[in-house]
Structure formats: structure tokens, C-alpha cells
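*Asks:* Sequence positions in the sequence shown follow the working numbering and run 25 to 584.
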Amino acid sequence: MPDIMEDLNYTKVSECEQIVCEAHVTQEAHAAQAAHATQTTNAAQTAHATQATHAAQAAHATQATNAAQTAHATQTTQAPQEEQAIQLSEKLHQTRALCPQCLRVLPGHIAADKQNKVWMSRTCPEHGEVATMIWPDVNHYKWMMSLAFPKVAPDKSVTRVPTSHCPTGCGICNRHLRKPTLVEIEVTQRCNLHCPVCFMSAESDSSDVPLAKLADFYETVASTAGINTGVQLTGGEPTVRSDLAEVVRMGRERGFWGVEVNTNGLVIAKDINYLKGLVDAGLTGIYLQFDGLTADAYQQIRGADLLPVKLQAVKNCRAAGVQVVLAMTIVSGINDQQIGDVIEYALANSDVVAGVALQPAFTSGRFNTKRIVPLTMGDVIFMLDAQTKGLIRAEDIWPLGCSHPLCDTGTFLVQTEADNMVKSDNSKSDNSKSDNSKSDNSKSDAQTCASFIPATRDLTREEYLSLYNPDSPQGSVFLDVLTRKGIPPERIARGVSVIIMNYMDAYTMDLERMEECSMFVTMPDGAVIPFCSYQLTNCKGERVFPPWNILGGEKGVAWQ
Numbered sequence: 025m026p027d028i029m030e031d032l033n034y035t036k037v038s039e040c041e042q043i044v045c046e047a048h049v050t051q052e053a054h055a056a057q058a059a060h061a062t063q064t065t066n067a068a069q070t071a072h073a074t075q076a077t078h079a080a081q082a083a084h085a086t087q088a089t090n091a092a093q094t095a096h097a098t099q100t101t102q103a104p105q106e107e108q109a110i111q112l113s114e115k116l117h118q119t120r121a122l123c124p125q126c127l128r129v130l131p132g133h134i135a136a137d138k139q140n141k142v143w144m145s146r147t148c149p150e151h152g153e154v155a156t157m158i159w160p161d162v163n164h165y166k167w168m169m170s171l172a173f174p175k176v177a178p179d180k181s182v183t184r185v186p187t188s189h190c191p192t193g194c195g196i197c198n199r200h201l202r203k204p205t206l207v208e209i210e211v212t213q214r215c216n217l218h219c220p221v222c223f224m225s226a227e228s229d230s231s232d233v234p235l236a237k238l239a240d241f242y243e244t245v246a247s248t249a250g251i252n253t254g255v256q257l258t259g260g261e262p263t264v265r266s267d268l269a270e271v272v273r274m275g276r277e278r279g280f281w282g283v284e285v286n287t288n289g290l291v292i293a294k295d296i297n298y299l300k301g302l303v304d305a306g307l308t309g310i311y312l313q314f315d316g317l318t319a320d321a322y323q324q325i326r327g328a329d330l331l332p333v334k335l336q337a338v339k340n341c342r343a344a345g346v347q348v349v350l351a352m353t354i355v356s357g358i359n360d361q362q363i364g365d366v367i368e369y370a371l372a373n374s375d376v377v378a379g380v381a382l383q384p385a386f387t388s389g390r391f392n393t394k395r396i397v398p399l400t401m402g403d404v405i406f407m408l409d410a411q412t413k414g415l416i417r418a419e420d421i422w423p424l425g426c427s428h429p430l431c432d433t434g435t436f437l438v439q440t441e442a443d444n445m446v447k448s449d450n451s452k453s454d455n456s457k458s459d460n461s462k463s464d465n466s467k468s469d470a471q472t473c474a475s476f477i478p479a480t481r482d483l484t485r486e487e488y489l490s491l492y493n494p495d496s497p498q499g500s501v502f503l504d505v506l507t508r509k510g511i512p513p514e515r516i517a518r519g520v521s522v523i524i525m526n527y528m529d530a531y532t533m534d535l536e537r538m539e540e541c542s543m544f545v546t547m548p549d550g551a552v553i554p555f556c557s558y559q560l561t562n563c564k565g566e567r568v569f570p571p572w573n574i575l576g577g578e579k580g581v582a583w584q
């Protein structure tokens, strides 16, 4: 988890104070997004798109979206609210949830209230009832759930018999319903930043995983998920390792087509030669923590004005010839009004920016808080609609086929044919442009956005199902679908993937969603477990799976 604010997993939250924490920025999971520069070349990677709706579904989608937007316009997402009775109007379905305090598995009840919000409630015999708002509009929720893809389970030869109930008996266990498409390898727990809500600051080199062990991890990923799976190197901050290039090279030599580094950008902004060394070793992408385009956003979330660092990191990625995905952690009331600006910046720099990963932050509530209202994926979808001036509408965002419909959604912004023809006439693209906090070319933001269109507007559900590749990582789903559909490479080459990642904590944990997770983390014993399982804490911040490579950390492994 190279992101600094990360989650509370490395912190013990005293009496569950209301602390805003990262919706696991590491997640990111766009290793597959190492597909922008290479995106049109690998037929093997070709495939997949997020499930969706079109033509016949368009009317229903728009209907659901319009109703949802009306409701959403009058509501705000915030930290846990004061207790109040929820007046339920419609029962939807049941699932398995957790008590946030003791993590006991409980029957979960999904229902809509009279304001059309969707809630998940459960009652612990020891700690009582807790309800979590999981979607801002019931019609949009139903529509999104209707787009579920057929499940592609892991090969039974690599699954394990579970040692206990979900989410503690992972490995991949034989209950799991979807195969991995992205696997994280933590290479260190050291970090070069001290963010306000993160205590990941192990200073000893002994918290770096030895190269020999990392070789074992690559073998684990190859044997359980296959070499067509995207790999993301994370931490801590991976770039604090002087031998990170060797770690990248090791993965590429093992046959992995995509090896991405999740980073805060400090090192690669300062030392372009370090970055070029990673690229020479076979790096296919940078997953860059990028929380907005104003100094105050970074000051509040990261504890320092890091905007110049972020812009320089993007500039250096352009110069080094490696694509970058902007990973934006969205914190309600701090940077939630900058989503549209980040999308515009990505489009203006689409020669180097391959995608944007939007990651809603979550909150940990107090023990006596029984009504939890986090920032949800649904909220972010409607924010995109409101902030992108018609470029991305709520109905343009579809579930990605690689996981549960409520876990990963997105679209792919492809250049319009007219704009691409103009660019073709100008034999040279504007690769020489230099970064600034808004656009990097002579076009206005409005003109830049008008040059792109969501691919989901010209894709039917049937096409999506038939062209989808189960091996595609989250960020490459639509890219691969468009390639298979025969969209000209020159239109795709400057396209930008937009995905929303809906990570779960103890308050939002839905174990039926967990069983469809496609993003995994390697463990020392050879297991690979779902990302949200690995990051899970109770509301005191106590982990189910302690940080295993921190020297002296709880039950962690101290590398010798």
C-alpha cells in the first residue's frame, strides 16, 4: 500500500474515533492498466469490458439514473450520523455481514428506506444492531445489480480447503467464485511520508522483503493465478527500495506481462534516472497516488502540499515512456468536488495518463454509532455525472465483469472519430507538452472533454458479454473489449480508463461480495487472499491479518 494515507489497518483507533481513512488506496489495482501504451498490442490481453446496458437497457438505465440523481442532489455523504430510526419501505435480498466490533458473521438484510437509500443491517447478540448505507438510490442499485457477469471461478487445482469461515479462512479457498485478475505483492513496509492518518513508518531495512522471498511470491502468483494476471508492487512505499528495478525485472522474466508499481511519486518525481531504471527493467505502469489539483487537498489528506510533486511525477513518466494511472482517494468534504478536474487533467495528458482510479474513502465510527453513512461507489458515480459537464453520465458507468457488480465499475473514454481524424492529419502528436495543474495543450477543458466519449454508449450488453476476457484486470476490461471489437488502435491509444473501486471495511463488509473478489494479496505461507480480507480490521483498528512483514509487528513475520 504505497499510498500514505492508506487505511487504518496499521493503526489502532482509540475507541473508534471518527477518523477518515483511505479506502485502501493501494488497491488500485490497475496493474492491468499497464495497458495504455501496450494496450492495443496484446491480443492475449484483449478482452473484457464491464457489464452494461445499452440500447434496450438504455431507457431503463436513464430512468433509474434520473430518479437517482434527483434523490442524490438533495443528500450528502458524511461521517457516521447520529442514530435515527430507518423507515424501510422495500426488502431487497439477504447476505452475510459482520459485526464491526467483534467481526462475528451475521445474517445481513439489504433493504431500501423511504428516501430510496439502500441499507445493509445486521444484529449482533452481543453488540446490537448496526445499519450501513450502501447505495444512495435503490433504482440505480437494482440496475447495477442486474448487470452481473457470469462467474469464472479459480481453477480447483489451486484452491484450498478453508480453515475457517469467510473472511478468515482465505487462501484462495474453494468457496471463492471468481478468479484473480490482479495480485498485489508487498515489497516493504517502509515509507518516506508521514501522513496524518497513517502510522506506517517502519524505519528498519529488515521490513523489506528479501529478493529470494519475492521470487517465491512471483511463483505463488504464477501457480495460483497464472502469468496473465496483473501484478502490482506495493508497500509501504516501494520506491524506498534501491533494488526495486531488480524486483520488477524478476517478475517480467518470470513471464508476467504487466508489473506495475503503486507509489506516492516522491522518488520518481525527484530522480528520473531511478524511474528510467524501472522502465528498463520492464515496468509497465505507475499507479500514482493523485488526490486532486489543489494544494489544500494534499495538505489535509497527506499533511503537505504535494501537488508539484505529483505533476513532476507525471512529467517524468512521460519522459521515461511509461504510462501512469492516477489513483484518487476521495474524502467527503475535502476533495470530492475535484473529481471532474482530475478527469479533465487526465484527458489533457492522455498521451501518458492511461486511467483514473477513483477510490471512495470510508470512515470508522464510534462504538455507539448505529447508522453508518460512508461515501459509496454510487455517490461517486453521481458526482462524476455532476462534475464532468455531460462527458460521463451515471448510465455510462457499468460494472466490470471481473468481480461483483458493486465492487468495480467504470468506463473507457475513447477519442471521437472526428477528433481522431484531425489528429491523424497532424502527423505529430503533442508529446512535448509539459504538465501544469490543468490542461497541457492549447485546447480548453471543454474542447478536450468534447474530444472523448464513453465507450459504453456504443456498446451493447451482448457485445460486452461476448467480447469480455475473464483475464482482464480491472483497468483493462473495456480497453480489451474495444480492441476485440475492432475499434481502430489510434482511437484507443489516447483513451483513458475510468474505474471506481468500492473497497469494504467492517461496516460495509458483504461476504457474498467478498467471494467474488478478483484482487488478491500474497501471503508468506504461499496463500493469496482477497484484498479486503487482508485489510480488514474491527472498529478498534485491530487487524484480522496483521502486517506480516513489519519487524516485531503483532503476529507479523520479521524477515531475517
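Every residue, glycine too, gets a C-beta built ideally from N, C-alpha and C. Keep in mind the model is a prediction, meaning the values are calculated, not measured.
Does any residue of chain C bring its CB to less than 9 Å from the CB of Thr546?
*Replies:* Although the question refers to chain C, the structure presented lacks it and comprises just one protein chain.
*Asks:* According to DSSP, simplified to helix, strand and coil, what is Asp360?
*Replies:* Taking the first residue of the sequence shown as 1, we reach residue 360 at position 336. Asp360 falls in the coil class under three-state DSSP.
*Asks:* Who are the near neighbours of Arg120 in its chain, counting only those whose CB is closer than 8 Å to its CB and skipping five residues on each side?
*Replies:* Numbered from its first residue, the sequence shown carries residue 120 at position 96. Contacts found: Val129, Leu130, Pro131, Gly132, Cys190, Asp534, Leu535, Glu536.
*Asks:* Could you check what DSSP says for Phe173 in three-state terms: helix, strand or coil?
*Replies:* Taking the first residue of the sequence shown as position 1, residue 173 is located at position 149. Residue state, collapsed to three classes: coil.
*Asks:* Our contact map puts Gly345 next to Gly309 with C-beta atoms below 8 Å; I'd like the distance itself, whole angstroms only.
*Replies:* Numbered from its first residue, the sequence shown carries residue 345 at position 321. Numbered from its first residue, the sequence shown carries residue 309 at position 285. Contact flag wrong, Cβ pair sits at about 12 Å.
*Asks:* Are the CB atoms of Glu208 and Thr546 nearer to each other than 9 Å?
*Replies:* Reading the sequence shown from its first residue, position 184 is the one you call residue 208. Reading the sequence shown from its first residue, position 522 is the one you call residue 546. Their beta carbons are under 9 Å apart, which means Glu208 touches Thr546 by this criterion.
*Asks:* How many angstroms separate the CA atom of Asp360 from the CA atom of Leu399?
*Replies:* As a working mapping, residue 360 is identified with position 336 in the sequence shown. As a working mapping, residue 399 is identified with position 375 in the sequence shown. The alpha-carbon atoms of Asp360 and Leu399 are separated by roughly 10 Å.
*Asks:* Can you give the Cα-Cα distance for His151 and Glu540, rounded to whole angstroms?
*Replies:* Against the sequence shown, residue 151 aligns to sequence position 127. Against the sequence shown, residue 540 aligns to sequence position 516. Distance between the alpha carbons of His151 and Glu540 is about 28 Å.
*Asks:* Is the region 361-381 touching the region 322-331, taking contact as three or more C-beta pairs under 8 Å?
*Replies:* The region 361-381, when compared against the region 322-331, does not touch it at the 8 Å Cβ threshold.
*Asks:* In the structure shown, what three-state DSSP assignment does Cys219 receive?
*Replies:* Numbered from its first residue, the sequence shown carries residue 219 at position 195. Three-state DSSP puts Cys219 in coil, outside helix and strand.
*Asks:* Using 8 Å as the Cβ pair cut-off and three pairs as the minimum, do the region 514-526 and the region 195-212 touch?
*Replies:* These segments do not touch.
*Asks:* Give the single residue among Cys194, Gln111, Ile110 whose Cα lies nearest to the Cα of Phe569.
*Replies:* The residue labelled residue 569 in the question sits at position 545 within the sequence shown. Phe569 has its Cα closest to that of Cys194, out of Cys194, Gln111, Ile110.
*Asks:* Leaving out the 5 sequence neighbours to the left and right, which residues in its chain are closer than 6 Å to Met401 when beta-carbon positions are compared?
*Replies:* Your numbering for residue 401 matches position 377 in the sequence shown. Correct list, in chain order: Ile524, Asn526.
*Asks:* Can you give the beta carbon distance from Leu424 to Val501, rounded, assuming they're within the 8 Å contact cut?
*Replies:* Here residue 424 is taken as the residue at index 400 of the sequence shown, counted from 1. Here residue 501 is taken as the residue at index 477 of the sequence shown, counted from 1. Sure, about 5 Å apart at Cβ, within 8 Å.
*Asks:* Who are Ala551's beta bridge partners in DSSP?
*Replies:* Here the question's residue 551 lines up with position 527 in the sequence shown. DSSP, once it has assigned bridges, lists no residue as partnering Ala551.
*Asks:* As an exercise, report each continuous beta strand (DSSP E) stretch of at least 3 residues that is fully enclosed by the region 241-323, in chain order.
*Replies:* Entirely contained in the region 241-323, the beta strand (DSSP E) runs reaching 3 residues are, in chain order, 254-258, 283-287, 309-313.
*Asks:* Quick one, which of Gln313, Asp403, Ala351, Gln347 has its alpha-carbon nearest Gly357's?
*Replies:* By one-based count along the sequence shown, residue 357 stands at place 333. Of the candidates Gln313, Asp403, Ala351, Gln347, the one whose C-alpha sits nearest the C-alpha of Gly357 is Asp403.
*Asks:* Given that a residue counts as buried once 16 or more other Cβ atoms are within 10 Å of its Cβ, and exposed if not, what is Gln559?
*Replies:* Walking along the sequence shown from the start, residue 559 turns up at place 535. So Gln559 ends up on the buried side.
*Asks:* Ile354 by DSSP, collapsed to three states: which one?
*Replies:* Translated into positions along the sequence shown, residue 354 becomes position 330. Reduced to three states, the DSSP call for Ile354 is strand.
*Asks:* Between which two residues does the alpha helix (DSSP H) harbouring Cys341 extend?
*Replies:* If you number the sequence shown from 1, residue 341 lands on position 317. Segment 331-344, the alpha helix (DSSP H) holding Cys341.
*Asks:* Taking only the alpha-carbon atoms, compute the straight-line gap between Tyr322 and Ile354 and give it to the nearest angstrom.
*Replies:* For the purposes of this step, residue 322 is taken as the residue at position 298 of the sequence shown. For the purposes of this step, residue 354 is taken as the residue at position 330 of the sequence shown. Roughly 11 Å separates the two Cα atoms.
*Asks:* Are the CB atoms of Met274 and Ala239 within a distance shorter than 9 Å?
*Replies:* Locating residue 239 in the sequence shown gives position 215, counting from the first residue. Locating residue 274 in the sequence shown gives position 250, counting from the first residue. Contact flag set, yes.
*Asks:* What is the DSSP secondary structure of Gly132, reduced to helix, strand or coil?
*Replies:* Translated into the one-based positions of the sequence shown, residue 132 becomes position 108. Strand, per DSSP.
*Asks:* Can you give me the C-alpha to C-alpha distance between Arg214 and Glu486, rounded to a whole angstrom?
*Replies:* If you number the sequence shown from 1, residue 214 lands on position 190. If you number the sequence shown from 1, residue 486 lands on position 462. Approximately 46 Å between the Cα atoms of the pair.
*Asks:* Buried or exposed: which applies to Gln277, given that a residue is buried once 16 or more other Cβ atoms fall within 10 Å of its Cβ?
*Replies:* Your numbering for residue 277 matches position 253 in the sequence shown. One detail in the question is off: residue 277 reads as Glu in this sequence, not Gln. Label assigned to Glu277: exposed.
*Asks:* Do you know whose CA, among Ser521, Asp161, Tyr165, Gly364, lies nearest Pro497's CA?
*Replies:* Counting from one through the sequence shown, the residue named residue 497 turns up at place 473. Ranking the options by Cα distance to Pro497, first place goes to Ser521.
*Asks:* State the DSSP-derived secondary structure class of Leu483, mapped to helix, strand or coil.
*Replies:* The residue given as residue 483 occupies position 459 in the sequence shown. Coil.
*Asks:* Could you spell out the range, first to last residue, of the beta strand (DSSP E) harbouring Pro513?
*Replies:* Reading the sequence shown from its first residue, position 489 is the one you call residue 513. Element bounds for Pro513: not the beta strand (DSSP E) but the alpha helix (DSSP H), 513-517.
*Asks:* If I measure Cβ to Cβ from Ala246 and keep anything under 8 Å in the same chain, skipping five residues before and after, which residues do I get?
*Replies:* By one-based count along the sequence shown, residue 246 stands at place 222. Cβ neighbours of Ala246 beyond the five flanking positions: Arg278, Gly279, Phe280.
*Asks:* For Ala172, which of Asn340, His428, Gln125, Thr318 has the nearest alpha-carbon?
*Replies:* Position 148 of the sequence shown, counted from the start, is the residue given in the question as residue 172. When each option's Cα is compared against that of Ala172, the closest is His428.
*Asks:* Distance, Cα to Cα, Gln347 vs Gln256?
*Replies:* As a position in the sequence shown, residue 347 is number 323, starting the count at 1. As a position in the sequence shown, residue 256 is number 232, starting the count at 1. Taking the straight line from one Cα to the other gives about 14 Å.
*Asks:* Under the three-state reduction of DSSP, which class applies to Leu236: helix, strand or coil?
*Replies:* Counting from 1 along the sequence shown, the entry for residue 236 is found at position 212. One point to set straight first is that residue 236 is Ala, not Leu, in the sequence displayed. Helix, per DSSP.
*Asks:* Applying the 10 Å Cβ sphere with the 16-neighbour rule, what's the burial state of Lys203?
*Replies:* The residue labelled residue 203 in the question sits at position 179 within the sequence shown. Its Cβ being crowded by 16 or more others within 10 Å, Lys203 is buried.
*Asks:* Within 10 Å of its beta-carbon, does Ala236 have 16 or more other beta-carbons around it, so buried, or fewer, so exposed?
*Replies:* By one-based count along the sequence shown, residue 236 stands at place 212. With fewer than 16 other Cβ atoms within 10 Å, it is exposed.
*Asks:* Report the residue from Leu335, Met168, Thr532, Val182 whose alpha carbon sits nearest the alpha carbon of Asp420.
*Replies:* Walking along the sequence shown from the start, residue 420 turns up at place 396. Taking only the C-alpha atoms, the option nearest Asp420 is Met168.
*Asks:* Quick check: what's the CA-CA separation for Cys431 versus Gln411?
*Replies:* By 1-based counting over the sequence shown, the position of residue 431 is 407. By 1-based counting over the sequence shown, the position of residue 411 is 387. One C-alpha to the other measures close to 22 Å.
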